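Report on the structure given below.
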Amino acid sequence: METRLRWSGREGWGAGIAAALCGGFAFLLYLRTLAPTVLYYDLPRLRDSATLQAKAAVLGIPDYTGYPTYVMLTHLFTYLPFGDVAYRVNLASAVFGAVAVGFLSLAGTKLSGRVAAGVAGGLAFGVAPVFWSQAVIAEVYTLNALFVALVLCMLLVWRERRRDRYLLLAAFLMGLSLTHHLTSGLLLPAAVLLVLLVEPGKLLEWRLVLKGAGLFVLGLTPYLYLPIRASMDYLPEGYLWGQPLIQKYPPNTLYGFYNLVSGGQWKERMWAFGPAELPGRVEMYLEHMMGYGGQFGVWLVAAAAAGFLYLVYRDAPSAATLGFLYLGWLFYALEYDIEDVEYYFIPTYLVLALFMAAGFGGLIDAVRALGARLPAAPEAAAAFLAALFCVISPLGRLDATYARVDMSGDYRGREIIESVARNVERGATILHHRSPLDYMVLVEHRRTDLRLLPYLELPGPPGYVRAVRALQRGPVYILFPGRETTPYYLGVAGSERLYGSRGYDLVPVDREVLLYRVVPRPGALPPGELRPEKRA
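Residue numbers for the sequence shown follow our numbering, beginning at 2 and rising by one.
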């Protein structure tokens with residue numbers, strides 16, 4: 002592709018300022034819609050947020066892949082002097098997301114050669130509903146997008162300047178990104194593909210390859226956090242937190258480390274769909290992407306398709322590299338059997354945003370060329386109008402998306418904590434699932450007299466058996482994760498029938514937060530006579 006914009010001089014400064022403004026605009030949106038305090042469990046959007054808030058605050062070890070880089074970076078935000086700790090953890094997601102949008106805009110500018118096109122691509126990604134929704138809560142996906150955008154920026158700068166330091170920096174960032182999210186592992190073969198297509202001789206420079214390998218390994222060093230932290234006694238004695246397999250095999254053992262970083266029990270859900278099921282999965286993806294309330298709408302997807310074709314014609318190495326990433330990330334997500342799969346589509350949306358930038362760049366070029374041929378339409382004016390159209394295009398559904406993702410008035414997590422702190426007797430046992438109660442006890446150091454049982458994650462007898470056994474120690478309460486029954490737990494009505502059939506009542510303490518007390522009737526079955534069921 003003909004280089005129309007250099008990253009030096011006034012043009013380069015202009016691109017940097019435009020990217021900063023793009024990221025700043027996204028940050029203002031995220032800040033206005035940011036969740037104000039501790040969160041709670043609610044599928045599919047808030048599966049892990051309450052847990053991540055607590056674990057980032059106390060330097061814990063999250064389930065699934067451990068997320069050491071996320072925990073350490075986000076923990077730094079907990080020292081900010083405003084808001085509660087949970088708000089500061091939420092704020093980290095907003096900052097990561099805004100910086101990702103800025104670097105994506107910069108990458109789009111580098112790819113298209115047009116600042117307005119790069120900004121349009123960054124905005125399209127930043128205001129898309131799914132990414133925006135993750136930038137206002139405690140979650141890991143905005144940091145993943147930031148690492149991807151950084152790596153792609155470095156690779157595109159290297160392609161232009163051909164200076165080894167950009168490749169080496171990309172190698173370090175690829176290692177670092179892998180410690181955060183396993184899907185980032187696809188960046189390494191993509192980078193090799195780009196180098197192979199642009200300057201294959203670089204792959205034979207053994208000194209450069211060794212330096213890159215060393216920096217990649219250096220980027221993996223956050224993984225050391227997992228065994229080191231697991232060896233420390235940072236939880237109260239007997240405190241149960243996390244998946245049973247991780248409790249049994251902590252990451253300071255070889256198997257425990259492998260099990261954690263490879264996804265724990267969730268890796269069993271990978272590669273879940275056969276060829277006959279893939280068309281339906283693709284249809285689901287398209288619905289998420291451009292259906293009613295989807296991410297981009299038909300016009301922006303058309304711009305991305307045109308941008309890809311434009312790149313194939315003008316910049317085949319970039320088209321091949323980005324196409325490889327898009328297809329790889331898409332296939333990974335389509336084969337993952339998980340309720341919140343739409344969040345695994347985010348990397349594909351990032352690549353589509355870069356294709357959009359290329360498409361918008363091609364549009365500006367075409368309009369500029371047309372304006373040069375028509376005396377009545379000056380070239381500069383035509384290009385300005387085209388650029389303005391590109392920048393405004395992604396903002397057409399801004400109001401609707403704002404209302405859809407706004408978490409600024411959501412205090413349910415705080416209401417749960419206050420209700421439990423106020424209504425539960427001292428020394429009681431509470432059965433809960435990934436609720437804000439861990440945050441209450443470990444971060445705010447409130448109601449440390451309570452015994453918390455994560456009953457849906459513990460092996461052995463089901464929840465109602467544990468509840469009845471715990472009655473021998475004192476009062477027992479259940480904080481239900483949801484009102485309705487799901488494949489993971491019985492809702493309130495189902496649990497009332499189950500407990501009632503054994504001679505126990507569930508007495509509502511606070512219906513709004515789904516807090517109930519387990520009370521035995523006269524003649525209730527004692528713990529030894531209870532027959533375990535499959536679910537509780």
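Cβ coordinates follow ideal geometry from the N, Cα and C atoms, glycine included.
These numbers come from a predicted model, not from an experiment.
Asked	Found
Which full runs of the alpha helix (DSSP H) of 4+ residues lie inside the segment 383 to 425, going along the chain?	399 to 406 and 413 to 424
Which residues in the same chain have their Cβ closer than 6 Å to the Cβ of residue 352, if we skip the five residues on either side of it in sequence?	323, 326 and 327
Where do the N-terminal and C-terminal ends of the alpha helix (DSSP H) with residue 509 fall, by residue?	That residue, residue 509, is in no alpha helix (DSSP H); its beta strand (DSSP E) goes 505 to 511.
If you check the beta carbons only, do residue 392 and residue 117 fall under 8 Å apart?	yes
Please report the residue range of the alpha helix (DSSP H) in which residue 289 lies.	279 to 291
Suppose the cutoff is 8 Å on Cβ atoms and the five residues either side in sequence are ignored; what does the same chain contact list for residue 511 look like?	420 and 424
According to DSSP, is residue 452 part of a helix, a strand, or is it coil?	strand
Leaving out the 5 sequence neighbours to the left and right, which residues in its chain are closer than 6 Å to residue 519 when beta-carbon positions are compared?	468, 477 and 505
Mind checking whether residue 432 and residue 410 have CB atoms under 8 Å apart?	no
Where do the ends of the beta strand (DSSP E) carrying residue 311 lie?	Not the beta strand (DSSP E): residue 311 falls in the alpha helix (DSSP H), residues 298 to 315.
Starting from residue 521, follow its DSSP beta bridges and name the residues at the other end.	505
Taking residue 472 as part of the alpha helix (DSSP H), name the residues at either end of that continuous run.	That residue, residue 472, is in no alpha helix (DSSP H); it is neither H nor E in DSSP.
Just to confirm my understanding: we take residue 341, look at its own chain, exclude 5 residues before and 5 after, and list those with CB closer than 8 Å. What are they?	44, 45, 46 and 48
Given residue 160, which residues of its chain have a CB within under 6 Å of its CB, disregarding the five upstream and five downstream residues?	199
Assuming residue 412 contacts residue 37 (C-beta within less than 8 Å), just tell me the rounded distance between them.	7 Å
Tell me, please, whether the segment 245 to 254 touches the segment 202 to 214 by the rule of three or more beta-carbon pairs shorter than 8 Å.	no
For residue 194, which option in 106, 286 and 319 has the closest C-alpha, if you only look at C-alpha atoms?	319
So if DSSP puts residue 477 in a beta bridge, which residue, or which two residues, is it bridged to?	430 and 519
Nearest-angstrom Cα distance between residue 81 and residue 190?	38 Å
In whole angstroms, what separates the C-alpha of residue 335 from that of residue 448?	43 Å
Assuming residue 503 and residue 492 form a contact by the criterion Cβ under 8 Å, report the distance between their Cβ atoms to the nearest whole angstrom.	17 Å between Cβ atoms; not a contact.
Please name the residue in 101, 241 and 185 whose C-alpha comes closest to that of residue 443.	241
Roughly how many whole angstroms lie between the Cα atoms of residue 149 and residue 155?	10 Å
Rounded to whole angstroms, what's the CA-CA distance from residue 124 to residue 501? Just pull it up for me.	54 Å
Which of helix, strand or coil does DSSP assign to residue 165?	helix
Mind checking who residue 43 pairs with in its DSSP beta bridge?	47
Assuming residue 91 is part of the alpha helix (DSSP H), what are its boundary residues?	86 to 113
Report the rounded CA-to-CA distance for residue 517 versus residue 430, giving the unit in angstroms.	12 Å
What whole-angstrom Cβ distance do residue 330 and residue 187 have, given they're in contact under 8 Å?	6 Å
Only counting runs of 4 or more residues, tell me where the alpha helix (DSSP H) segments fall wholly within the segment 311 to 379, in order along the chain.	317 to 335 and 347 to 374
Look at residue 451 and residue 489 and say whether their C-beta atoms are less than 8 Å apart.	no
Does the beta-carbon of residue 349 have 16 or more other beta-carbons within 10 angstroms, so that it is buried, or is it exposed?	buried
Under DSSP, the alpha helix (DSSP H) around residue 214 begins and ends at which residues?	207 to 220
Mind checking whether residue 128 and residue 30 have CB atoms under 8 Å apart?	yes
Buried or exposed: residue 61, going by 16 or more other Cβ atoms within 10 Å of its Cβ?	buried
State whether the segment 170 to 186 contacts the segment 63 to 72, with contact taken as three or more CB pairs (one from each stretch) at a distance under 8 Å.	yes
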